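Visitor: Residue numbering for the sequence shown follows my numbering, beginning at 1 and increasing consecutively.
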Amino acid sequence: MNRPLIAERFLQPEENLLMEIATLAKKTPNLIDLSIGDPDLITDATIIEAAFADVKAGHTKYTASDGSADFIQTVVDFYQKQYQLTFSPSQVRGTVGALHGMYLALAAIIDPGDEVIIHEPYFSPYKQQVELVGGVPVFIPTFEKDGFQIDVEVLKAAITEKTRAIIINSPNNPTGAVFSPETFEKIAAVAID
């Protein structure tokens, strides 16, 4: 068999403008790089000391694949206290990060051909995640003049019988825009309808 070791879909990667800008920014003197949200702050000593204490206490093994029971209960308690939302521990999963969690959620709900609405500008991995699970990304624009808020009429027009999910990114990467409570309420009303 004379096939490449890498899957064909990755032999011709799509252009990643964000990475190209980040690479250019690193080569440009006296430039403030706002391309990738990688903090330039050093982790606070209190956090570092707590992490060391945790390791010294023996917390160096794998946790349960869905997250440690203590962590999951903390999440359940937080949502109850902060938002008055009640979840059982069986409804909460710990993941290695937001991208991993997002991919798992999409893999759980998307069948081939299902559409996922993504508002632009968007964090570049979202499109790839949708495609990797067999979905079709559908993009809707947002505009600086509107504070990058989703126009609910544009959202409604993008919804079809194949729409299965809407990715909401707030605070937004890359714009930093935060959706207003009114925007969230309008999006929720559309999603429920």
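All C-beta atoms in this analysis are idealised placements derived from N, C-alpha and C, irrespective of residue type, glycine included.
Small disclaimer: the values here were computed from a predicted structure and weren't measured.
Am I right that I140 and E115 are in contact with their C-beta atoms under 8 Å? What's the rounded C-beta distance?
Guide: Contact flag wrong, Cβ pair sits at about 11 Å.
Visitor: In the segment 12–72, which residue ranges form an unbroken alpha helix (DSSP H) of at least 4 residues, counting only runs that do not cross its ends?
Guide: For the segment 12–72, whole alpha helix (DSSP H) runs of length 4 or above, ordered along the chain, are 17–27 and 45–56.
Visitor: Shortest alpha-carbon distance to I21 belongs to which of H100, A165 and P174?
Guide: Of H100, A165 and P174, the residue nearest in Cα terms is P174.
Visitor: Might you give, ordered along the chain, the residues of its own chain that have their beta carbon closer than 7 Å to the beta carbon of V178, omitting 5 neighbours on each side?
Guide: Same-chain partners within the cutoff: S170 and P171.
Visitor: Output the boundary residues of the beta strand (DSSP E) element that contains A158.
Guide: Note, A158: premise wrong, no beta strand (DSSP E); alpha helix (DSSP H) at V152 to A158.
Visitor: Anyone know if the C-beta pair for D111 and G134 falls short of 8 Å?
Guide: Closer than 8 Å, so yes.
Visitor: Give me, in chain order, the residues of the same chain whose beta-carbon lies closer than 7 Å to that of M102; leave out the 5 immediate sequence neighbours on both sides.
Guide: Once the five neighbours on either side are set aside, the close Cβ partners of M102 are Q129.
Visitor: Work out the CA separation of V190 and S124 for me, nearest whole Å.
Guide: One C-alpha to the other measures close to 25 Å.
Visitor: If you follow the alpha helix (DSSP H) that V96 is in, where does it begin and where does it stop?
Guide: Element bounds for V96: n/a, residue is neither H nor E.
Visitor: Going by C-alpha to C-alpha distance, which of L24, K81 and K127 sits closest to L106?
Guide: Of the listed residues, the one whose Cα sits closest to L106 is K127.
Visitor: On the DSSP bridge assignment, give the partners of T163 in chain order.
Guide: Looking at the DSSP assignment, T163 forms a beta bridge with E115.
Visitor: Can you tell me whether F139 is helix, strand or coil according to DSSP?
Guide: Strand, per DSSP.
Visitor: Nearest to Q91 by CA position, among Q84, H100, I72 and G97, is which residue?
Guide: Nearest option by C-alpha distance: I72.
Visitor: If we count the other Cβ atoms within 10 Å of its Cβ and call it buried at 16 or more, is Q194 buried or exposed?
Guide: Residue 194 is absent from the model: the chain starts at 1 and stops at 193.
Visitor: Please report the Cβ distance between V138 and A108, rounded to the nearest whole angstrom; I am assuming they are in contact, meaning their Cβ atoms lie under 8 Å.
Guide: The pair is not a contact, with the Cβ atoms about 19 Å apart (cut-off 8 Å).
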